[in-house]
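Residue numbers (this note's numbering): 1 to 379.
C-beta: ideal position from N, C-alpha, C; glycine also.
The structure under discussion appears below in the form of structure tokens.
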């Protein structure tokens, strides 16, 4: 597999905490419709060269991409010799035998016909890059050149395409505009609207859906089989069908952080002391995960506010006092649109803050004050 790995096994940016990496996830839950659509395109010889896998973070997009890539690389080469007994029967699923050589190489990150594009590790700073860089993307063109001689299938996973910087996105666009023969690219996008329109237009969009409560239960058990199976009240509502979110919430104290965010607006005026506690908890390298989780939970809070203004408080609630707080801050559809605008602004602000390494405490405080300014308009 064409991917640069450091000698000291750095953290993988496309892996959720201690859960198995998507390449090692055995089963994919809740995405039968997406699998059927991809399989239909394959069996009817209408396989698009670029697939844009969309949907909320943590619902199985990366697991689907690895599953589909394994499947493609284990299939006979298009136009190849059908053999003595003719072509094999059409496959009925994307399942690949784990003992298949392709599956073994993919698990070991050693498959020469597969390229993984993700945020690179900086060996000098001992940190992951905040973005997918243009140098990492240019390596994709070297992969195409070096793997062209065998004429077989090739697959590429970009995880996540949202993390491409401008130069990297333009470099990837060239590969989508003139894709090599028998090559399939899987672009994972949590927020596809952030991608270049030209990238979106050159891919077939394949939306994946949030998991049902039953599928979420199965996926959580697969990801963390030794964890406590008793989920705290409110976790399903906060996870919104995302196993990745559920794992982050349970391991990082997400429910407690969300309850603290709610308490900021439990009264008509912002609880400034609690706001400082929220900000101070995100300071320092040791609290990087808390910072990431807090910004994610703020985004969830804003999304639930926008939804409340349109359809009423989400049911079930995350906490007992949540419906009253949301209804007071988002009383109608005009407020809903305003909260949705602030949500988009928050996402852009967080992305910029990470790119230029702004002080986490200042970022959180500025965000909370922006929310409070908006809250005063409607409460």
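Bridge-paired residues (DSSP) for residue i
i, result
"residue 132", "164"
"residue 114", "155"
"residue 121", "128"
Endpoints, alpha helix (DSSP H) assigned at residue i
i, result
"residue 274", "272-280"
"residue 252", "243-252"
"residue 302", "288-311"
"residue 238", "235-239"
"residue 75", "Looking at the DSSP string, residue 75 is not in any alpha helix (DSSP H), and its letter there is neither H nor E."
"residue 216", "213-223"
"residue 377", "360-378"
"residue 102", "101-107"
"residue 354", "333-355"
"residue 269", "No alpha helix (DSSP H) contains residue 269, which DSSP labels as neither H nor E."
Contact set for residue i: own chain, Cβ-Cβ below 8 Å, skip 5 residues either direction
i, result
"residue 274", "260, 263 and 264"
"residue 141", "171, 174 and 175"
Simplified DSSP assignment, three categories, for residue i
i, result
"residue 40", "helix"
"residue 64", "helix"
"residue 207", "strand"
"residue 256", "helix"
"residue 142", "helix"
"residue 127", "strand"
"residue 328", "helix"
"residue 322", "helix"
"residue 21", "coil"
"residue 172", "helix"
"residue 13", "coil"
"residue 92", "coil"
"residue 71", "helix"
"residue 195", "coil"
"residue 200", "helix"
"residue 58", "coil"
"residue 178", "coil"
"residue 47", "coil"
"residue 261", "helix"
Extent of the continuous beta strand (DSSP E) to which residue i belongs
i, result
"residue 53", "50-54"
"residue 188", "183-189"
Own chain, CB closer than 6 Å to residue i, minus 5 neighbours either side, in chain order
i, result
"residue 289", "252"
"residue 132", "119, 163, 164 and 168"
"residue 310", "333 and 336"
"residue 176", "50 and 202"
"residue 313", "323, 326 and 327"
"residue 151", "none"
"residue 10", "121"
"residue 376", "none"
Contact set for residue i: own chain, Cβ-Cβ below 7 Å, skip 5 residues either direction
i, result
"residue 360", "282, 283 and 291"
"residue 160", "188, 189 and 190"
"residue 34", "64, 206 and 208"
"residue 70", "96, 102, 103 and 106"
"residue 392", "Absent from the model: residue 392. The displayed extent of the chain is 1 to 379, so no value can be given."
"residue 198", "173"
"residue 20", "223"
"residue 194", "162"
"residue 355", "130 and 131"
"residue 299", "343, 346 and 347"
Could you tell me whether the stretch 204-215 touches the stretch 22-38, where touching means 3 or more Cβ pairs closer than 8 Å?
Result yes; three or more Cβ-Cβ pairs closer than 8 Å.
Determine, using beta-carbon pairs with one atom in the stretch 11-22 and one in the stretch 88-104, whether at least three such pairs fall under 8 Å.
Contact annotation: the stretch 11-22 does not touch the stretch 88-104, with fewer than three C-beta pairs closer than 8 Å.
Given 8 Å as the limit, is there contact between the stretch 237-245 and the stretch 55-71, that is, 3 or more CB pairs closer than that?
Because the criterion of three Cβ pairs below 8 Å is met, the stretch 237-245 and the stretch 55-71 touch.
Do the stretch 339-346 and the stretch 296-310 meet, that is, are 3 or more Cβ pairs less than 8 Å apart?
Contact holds: three or more Cβ-Cβ distances are below 8 Å.
Assess, as a yes-or-no matter, whether the stretch 175-189 is touched by the stretch 215-229 under the definition of 3 or more beta carbon pairs within less than 8 Å.
Judged by Cβ distances under 8 Å, the stretch 215-229 makes no contact with the stretch 175-189, as fewer than three pairs qualify.
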